[in-house]
Structure formats: structure tokens, C-alpha cells
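Asker: First the structure, which I've put down as C-alpha cells, then a few questions once you've had a look.
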Amino acid sequence: MVWRLNDSWPIIYWAVIDYYLEPKIPYYSLRRAYDPVLVTFERTADEIFVWVVNDSPEPISGKLTVGRRAFNGDTRGTLTAEITVEPGQSKRCLSTTDIGPVAMRREFLEASFGGREVSQLLIGERYLHLPDAKMTAQFMNGQVEIRAGNFARQVTLTMNGVTGAIFEDNFFDLPPDCTRTIRIIDTAGGEELTVGALNASPVVLDVQ
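Every position in the sequence shown, counted from 1, becomes a number in the numbering used here once 560 is added.
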């Protein structure tokens with residue numbers, strides 16, 4: 561249940577959308593969580609499992625790939641499994657035990673299935689030993705292409721000088737040597753875009 565969708569006046573609050581109709585971090589998190597097909601991690605006292613949730617009306621089948629990687633992109637282990645998930649089913653599909661213990665300050669887990677990819681950190685970001693992400697970005701045809709050489713924590717797109725901008729996705733982690741293309745749905749009249757991350761220098765783009 562979404563408790564507070566929007567703010568009715570300009571205040572600092574826990575609403576999903578602010579008074580100026582600009583989506584906050586929870587909006588984009590909820591958008592990803594409500595995807596009809598969701599790949600997610602479960603951490604118990606002894607193991608870490610990968611689940612696939614199928615809220616679509618059709619069964620889904622394919623190869624689930626789970627990897628353990630360092631923030632610089634080195635692969636430390638990989639598991640794969642052919643899975644089928646029925647409509648309306650949530651299925652525990654894999655245990656990550658066989659790829660070895662994760663060095664939580666320097667490594668992360670990732671999973672991919674059916675074109676969907678998800679990264680999982682296992683410790684709070686204040687404890688992470690994040691290298692410089694070496695992030696690049698370019699704007700073309702209403703879209704922003706973002707690439708990071710190392711793991712980029714909390715990539716953030718901001719239209720400078722305006723409020724109310726809407727993006728296809730925002731506030732996401734970007735794995736090493738990966739490229740994401742994000743469509744700008746509404747610039748809110750802005751002409752300059754900043755792409756930043758917790759561990760990357762900001763990149764400023766002209767989006768006129």
C-alpha cells in the first residue's frame with residue numbers, strides 16, 4: 561500500500577511525489593518493485609537466495625544468471641539455472657552459496673533473467689569501499705546514455721534550475737562496464753541535465 565502519494569504543500573515529508581509533481585526516490589523504487597516480473601534477493605541468517613516473482617498472466621521461462629562481482633568489475637563466481645515461473649507465482653530459484661562468501665565491503669551480487677537485471681549490496685553504503693565510478697554520459701534523441709567503468713552507487717539524474725522533471729528511471733545502481741539508456745519523459749522546461757552518483761564526478765549535459 562502506498563501510504564502517502566503526494567505532498568499537498570511544499571514541505572519535507574515522506575511522500576512519493578513532491579508538491580511540484582516531481583517524483584522522489586520512493587517513486588522510482590516502487591516503479592521497479594511493481595514490475596510484472598521481479599527478480600529479487602532474500603537474505604536469511606545462513607544463505608542468500610534469488611527469487612523470481614511473476615505477476616504477469618503468462619508463464620515465464622528462461623535462464624537465471626547470478627554473479628558475485630567486485631566493484632571494479634572482476635567476476636568472482638557465476639551460477640545459472642533454467643527456470644519456469646507460473647502466473648501469480650513467487651519462486652525461490654537459486655541459493656548463492658556455491659559462489660562463495662561475499663566480501664561485503666568490496667563486492668556485490670547481481671542477477672539477470674529475461675532481460676531484467678538487479679544488483680544487491682549486502683551492507684550499508686557508509687561501509688562500502690567504492691572506487692571512482694569513472695562515469696560518462698551523453699544525450700541524444702530525448703535519451704541519456706550512461707556508462708560506468710566501476711560500480712556506480714545511486715546514479716541520479718537532475719534537471720538543473722527547475723522542478724517537476726520526470727525520467728524513465730532514476731536513483732539506481734549501475735554495475736561495472738554496463739550502459740543504461742534512460743528516456744527523459746518531461747524536462748519541466750529545463751535545458752541542462754546533471755548526471756551524478758555517490759562515487760562519481762557529476763556530468764553536465766545540454767538537453768535542448
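We treat Cβ as the ideally placed atom computed from N, Cα and C, and that holds for glycine.
So the candidates are V613, E618 and A725; which of them puts its Cα closest to the Cα of R592?
Answerer: Within the sequence shown, residue 592 is the residue found at index 32, counting from 1. The shortest Cα separation from R592 among V613, E618 and A725 belongs to V613.
Asker: Just checking, does the region 579–587 make contact with the region 642–657 on the three C-beta pairs under 8 Å criterion?
Answerer: no
Asker: Return the residue from the list T604, S616, L688 and V764 that minimises the CA-CA distance to D595.
Answerer: By one-based count along the sequence shown, residue 595 stands at place 35. It is S616.
Asker: Reducing DSSP to helix, strand and coil, say where D746 ends up.
Answerer: Taking the sequence shown and counting its residues from 1, one reaches residue 746 at position 186. D746: strand per DSSP, three-state reduction.
Asker: Reducing DSSP to helix, strand and coil, say where D729 ends up.
Answerer: The sequence position of residue 729 within the sequence shown is 169, counting from 1. DSSP places D729 in coil when its eight states are reduced to three.
Asker: Where does N710 land, buried or exposed, given buried means 16+ other C-beta within 10 angstroms?
Answerer: Mapped onto the sequence shown, residue 710 falls at position 150. It is buried - the Cβ of N710 has at least 16 other Cβ atoms within 10 Å.
Asker: For I659, which three-state DSSP category applies?
Answerer: Residue mapping note: residue 659 aligns to position 99 of the sequence shown, counting from 1. Of the three classes helix, strand and coil, the one that applies to I659 here is helix, per DSSP.
Asker: Give the DSSP bridge partners of T741, in chain order.
Answerer: As a first step, residue 741 is located in the sequence shown; it is residue number 181 there, counting from the start. Paired residues: E705.
Asker: What number of angstroms, rounded off, separates the C-alpha of T635 from the C-alpha of T741?
Answerer: On the sequence shown, residue 635 is found 75 positions in, with the first residue counted as 1. On the sequence shown, residue 741 is found 181 positions in, with the first residue counted as 1. Roughly 24 Å separates the two Cα atoms.
Asker: For D746, I'd like the list of residues in its chain whose CB is within less than 8 Å of its CB, leaving aside the five on either flank, ordered along the chain.
Answerer: Along the sequence shown, read from residue 1 onward, the residue named residue 746 stands at position 186. Closer than 8 Å at the Cβ level, and outside the excluded window around D746, lie G724, A725 and I726.
Asker: Whole angstroms is fine: what's the gap from V626's alpha carbon to P570's?
Answerer: In the sequence shown, counting from the first residue as 1, residue 626 sits at position 66. In the sequence shown, counting from the first residue as 1, residue 570 sits at position 10. C-alpha separation (whole angstroms): 43 Å.
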